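Single-structure report; data block below.
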Amino acid sequence: MGMKKGAATRRKGMTKTTRREFLKQAALTGVAISGLPGAVEAVEKTTKGLEKSRVVIARDTAVLKKNGEVDVKVLQKMLDRSIAKLTDAKSGVEGWKKLFKPNDVVGIKVNCLFGKGVSTRPEVAWAVVNGLLSAGVKAENIIIWDRSTGDLVKVGYKPNRDGTGVKCYGDDGDWGELIENGSFRGRITKIISEKVTAFINVPILKTHGIAGVSIALKNHYGSFDNPGSHHSNNCNPALADFSAIPIVKKKSRLVVVDALR
């Protein structure tokens with residue numbers, strides 16, 4: 581989640597929330613957004629990180645219709661409003677522009693491993709896409725991805741590897757060179773290592789039998805070739821060691837959590 585141990589501080593005019601409170605509140609029909617340390621500063625060309633990550637929780641009971649479908653207009657307003665608050669911007673568009681530049685190539689890492697109902701909803705991913713487009717990022721420079729194209733399809737995403745517009749595809753075994761960092765040893769996705777200048781981590785909030793909870797850190801188990809080798813000791817410290825890989829840390833720009841249900 582990009583949150584430091586203990587209380588996570590939201591921006592000016594917002595109250596503090598503990599991790600326990602965050603999980604409880606986020607479960608009440610909402611979207612949680614975390615600006616990783618240095619996210620805004622990254623676009624201002626400074627490497628100085630923030631002492632604590634910023635967290636915004638958006639809630640609106642109208643985002644889910646009676647039939648369970650997502651009201652995309654309500655969702656977009658929730659996301660843009662949150663981005664504005666996260667960045668101290670006057671509008672969502674202004675906030676997106678603080679985080680991303682027109683020349684960025686941006687990856688959107690979703691989690692689709694276990695099918696509909698427990699995967700990142702396409703509506704959430706496309707709300708993020710709309711935000712990037714409003715910042716001037718070109719559609720062809722946006723990549724929605726996960727470990728497998730087949731996993732994306734079963735959740736409702738439409739693959740587009742070589743066509744025009746926003747790209748959407750899986751790693752499908754196309755891994756980069758071997759990287760070692762702490763307890764992590766594996767080959768990471770070329771989307772992170774070679775293709776994008778920044779990425780947005782878009783997990784779904786859910787429990788996990790080994791790690792306890794699956795959010796942003798666990799979502800990256802779809803970003804390298806051998807996740808099965810990194811589950812010992814409740815995924816500790818492998819979860820953190822992967823995200824601490826310099827190129828992963830450098831390109832991590834934002835976390836948007838699908839906590840709609």
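Count along the sequence shown from 1, add 580, and you get the number used in the working numbering. For glycine and all other residues, C-beta sits at the position ideal for the given N, C-alpha and C. Remember, predicted model here, so these are calculated numbers, not experimental data.
Checklist entry - So is arginine 634 buried or exposed if we call it buried at 16+ other beta carbons inside 10 Å? => result buried
Checklist entry - Which partner residues of tyrosine 686 appear in the DSSP bridge assignment? => result In the sequence as presented, tyrosine is not what sits at residue 686; that position holds valine. Paired residue(s): Ile722 and Ala778.
Next on the checklist: Could you give the first and the last residue of the continuous beta strand (DSSP E) run that contains leucine 750?
Outcome noted: Reading off the sequence shown, one finds glycine at residue 750, where the question assumed leucine. 747-750 is the span of the beta strand (DSSP E), which, as asked, contains glycine 750.
Next on the checklist: Buried or exposed for lysine 831, going by 16 or more other Cβ atoms inside 10 Å?
Outcome noted: buried
Checklist entry - Would you report the Cα separation of asparagine 710 and glycine 716, rounded to the nearest angstrom? => result 10 Å
Checklist entry - With DSSP run on the structure shown, which of helix, strand or coil describes glycine 762? => result coil
Next on the checklist: Using C-beta distances below 6 Å, list every residue in its chain close to glycine 736, excluding the 5 sequence neighbours before and after it, in chain order.
Outcome noted: Pro702
Checklist entry - Should alanine 823 go down as buried or exposed, given a rule of 16 or more other Cβ atoms within 10 Å for buried? => result Before going further, note that residue 823 is serine rather than alanine in the sequence given. Looking at its Cβ environment, which holds 16 or more other Cβ atoms inside 10 Å, serine 823 is buried.
Checklist entry - If tryptophan 725 sits next to glycine 687, beta carbons under 8 Å apart, how far is it from one beta carbon to the other, in whole angstroms? => result 6 Å
Next on the checklist: So, under 8 Å CB-CB, alanine 664 and glutamate 674 are touching, yes? Tell me the CB distance rounded to an integer number of Å.
Outcome noted: 7 Å
Checklist entry - In angstroms, rounded to a whole number, what distance separates the CA positions of isoleucine 825 and asparagine 647? => result 42 Å
Checklist entry - Is the distance from the Cβ of alanine 707 to the Cβ of leucine 659 below 8 Å? => result yes
Checklist entry - Since glycine 762 contacts proline 807 with CB under 8 Å, what's their CB separation in whole angstroms? => result That pair is no contact at about 16 Å.
Next on the checklist: One question on the structure: do alanine 778 and valine 835 come within less than 8 Å of each other, judged by their Cβ atoms?
Outcome noted: no
Item to check | Selected residue, minimal CA-CA separation from aspartate 821, among Arg765, Ser773 and Gly802 | outcome: Arg765
Checklist entry - Taking DSSP as the reference, what is the three-state secondary structure of isoleucine 827? => result helix
Next on the checklist: By the three-class DSSP mapping on this structure, what secondary structure does glycine 736 have?
Outcome noted: coil
Checklist entry - Is it right to say valine 776 is buried, meaning 16 or more other beta carbons lie within 10 angstroms of its own, or is it exposed? => result buried
Checklist entry - So what does valine 835 bridge to, in DSSP terms? => result Ser614 and Asn781
Next on the checklist: Which of the three DSSP states is assigned to valine 650 in this structure?
Outcome noted: strand
Item to check | Continuous alpha helix (DSSP H) stretch holding cysteine 692: start and end | outcome: First-last for cysteine 692: undefined, no H or E at that position.
Item to check | alpha helix (DSSP H) segment containing lysine 678, residue limits | outcome: 672-679
Checklist entry - To the nearest angstrom, how far is it from the Cα of tyrosine 801 to the Cα of isoleucine 722? => result 21 Å
Next on the checklist: DSSP three-state label for glycine 711, please.
Outcome noted: helix
Checklist entry - Smallest Cα separation from leucine 666: which of Leu655, Leu679 and Ser809? => result Leu679
Checklist entry - What does DSSP give as the partner residues of threonine 769 in its beta bridges? => result Trp755
Checklist entry - Cα-Cα, which of Thr729, Arg661, Val698 and Asn740 is closest to leucine 840? => result Val698
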